[in-house]
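**Student:**
In the numbering used here, the protein residues as written are -9 to 405.
(1) Under 7 angstroms, do residue 89 and residue 137 count as touching if we go by C-beta distance?
(2) Can you check whether the CB of residue 122 is closer than 7 angstroms to the CB of residue 105?
(3) Could you give the uninterrupted runs of the alpha helix (DSSP H) lying entirely in the region 203 to 276, keeping only those of 4 residues or more?
(4) Would you check if the region 113 to 121 and the region 28 to 42 touch, i.e. whether three or more CB-CB distances between them fall below 8 angstroms?
(5) Comparing C-alpha positions only, which one of 219, 7, 76 sits nearest to residue 61?
(6) Sort 388, 372, 340, 343 by Cα distance to residue 363 and report the nearest one.
(7) Count the other CB atoms, across all protein chains shown, that sit within 10 Å of the CB of residue 25; report buried if there are 16 or more and exposed otherwise.
(8) Should residue 216 be labelled buried (16 or more other beta-carbon atoms within 10 Å of its own) or exposed?
(9) With a threshold of 6 angstroms on Cβ separation, who are the neighbours of residue 221 within its own chain once the five nearest residues in sequence on each side are excluded?
(10) In whole angstroms, what separates the C-alpha of residue 267 from that of residue 386?
(11) Hey, out of 259, 214, 378, whose CA is closest to residue 190's CA?
(12) Grouping DSSP H, G and I as helix and E and B as strand, with all else coil, what is residue 85?
(13) Count the other C-beta atoms from every protein chain shown that fall within 10 angstroms of the C-beta of residue 0, then say buried if there are 16 or more, exposed otherwise.
(14) Leaving aside the five residues before and after residue 96 along the sequence, list all residues of the same chain whose C-beta is less than 7 angstroms from its C-beta, in chain order.
(15) At which residues does the alpha helix (DSSP H) containing residue 195 begin and terminate?
(16) Check residue 180 in the structure and name its three-state DSSP category.
(17) For residue 273, does the count of other Cβ atoms within 10 angstroms reach 16, so buried, or fall short, so exposed?
(18) Hey, how far is the Cα of residue 178 from the Cα of residue 85?
(19) Between the region 231 to 239 and the region 206 to 213, can you find at least three pairs of beta-carbon atoms closer than 8 angstroms?
(20) Confirm, please, whether the CB-CB distance from residue 320 to residue 455 is below 7 angstroms.
(21) Roughly how far, in whole angstroms, is the beta-carbon of residue 94 from the beta-carbon of residue 103, given that I think they are within contact range, below 8 angstroms?
(22) What's the call for residue 314, buried or exposed, on a 16-neighbour Cβ count within 10 Å?
(23) For the region 322 to 335 against the region 287 to 304, are there 3 or more C-beta pairs whose distance is under 8 angstroms?
(24) Work out the CA separation of residue 390 and residue 269 for me, nearest whole Å.
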């Protein structure tokens, strides 16, 4: 490891790509696994938790890590693909050490851990050598002073601390996609998960909830106070919120719907009328909808909305008023690829694809899959008997229902 820095801060490893010796990426770093010793000696770093493609987590022993630098980790490529299970003697640095409350023996300073440094000892083993901590804010200072101290000068990292907090763990998740952050949160202990959830903002938590297994969604929502739970549901897409509410106890579901904004609750109630595995139950009631006199420039401005998923942004629906679902009659759809080829002042109504028969809300999973495959689409409009647009089913909605139950939780790692 001649090019590896002598000291690496563990939290900065999160999300780094992991490559094999041929230069092919095999995954991303998710955590650092250490073994705490009964005395105050520096803990030994035994390996990395690596998320390989397909959201599976595996264990990479440090003996197979050949290089670590600021932008990548290189391994021998010989990773064990059996399921990763944290052993009772092991601690996860990012998942369990960050935000721990500690005290510096030599100075009496108290603070919370925001990073931990690891380095190679003379024996070539990796050990935790230093702790980066931040004091609480004082007076009008926005942030407390930071310190980097020797491992053996810190008290509080050898026992479980109540009310650990989650500020720095959340910071380490900030750059992750919602699905990746959901993986990390899913693997936390129940108490640690509560701390993280309590500290997340509503919009981010809603995004993460959509990516968690159903049992995690229900557990998290039931532990929130009712007002916040309703706020979270409002931030979720209506179809995901409807699926989640359907899994809650009836009285809880009724209470939360009553606390939601009327318009948001109405969207959810409308979706809950349909079977979960039908086009109506899967559809999103807020696709891109424009009137017949809209121009290409206006259409492109709408699909640039960063809150739209790529599949929702692929179609523009031109409808008679009203412009909210259920709309007036759906005149047709315009594909984003076609819009990009036309002058900005062109009317979208002149570019419509009217050659397809739209889906009905009772369409089955197989019907939706065949429709998307037949017309090479990533999204499909759903209309009622009068031709009014009710919503749009996207390919990701379909896959969520076609994949086996518990697919989000299927990971292979160390045994």
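The C-beta atom is built at its ideal place from N, Cα and C for all residues, glycine as well. Keep in mind that this is a model prediction, so the values were computed, not measured.
**Tutor:** Reading from the atomic positions:
(1) no
(2) yes
(3) 204 to 213, 216 to 225, 228 to 236, 240 to 249, 252 to 262, 269 to 272
(4) yes
(5) 7
(6) Closest option to residue 363, judged by alpha-carbon separation, among 388, 372, 340, 343: 388.
(7) exposed
(8) exposed
(9) 192
(10) 13 angstroms
(11) Considering only 259, 214, 378, the residue with the shortest C-alpha distance to residue 190 is 214.
(12) helix
(13) So residue 0 ends up on the buried side.
(14) 143
(15) 192 to 199
(16) helix
(17) buried
(18) When rounded, the distance between both Cα atoms is 7 angstroms.
(19) yes
(20) Because the chain is modelled from -9 through 405, residue 455 falls outside the range shown and cannot be assessed.
(21) That belief does not hold up - the Cβ atoms of residue 94 and residue 103 are roughly 11 angstroms apart, past 8 angstroms.
(22) exposed
(23) yes
(24) 13 angstroms
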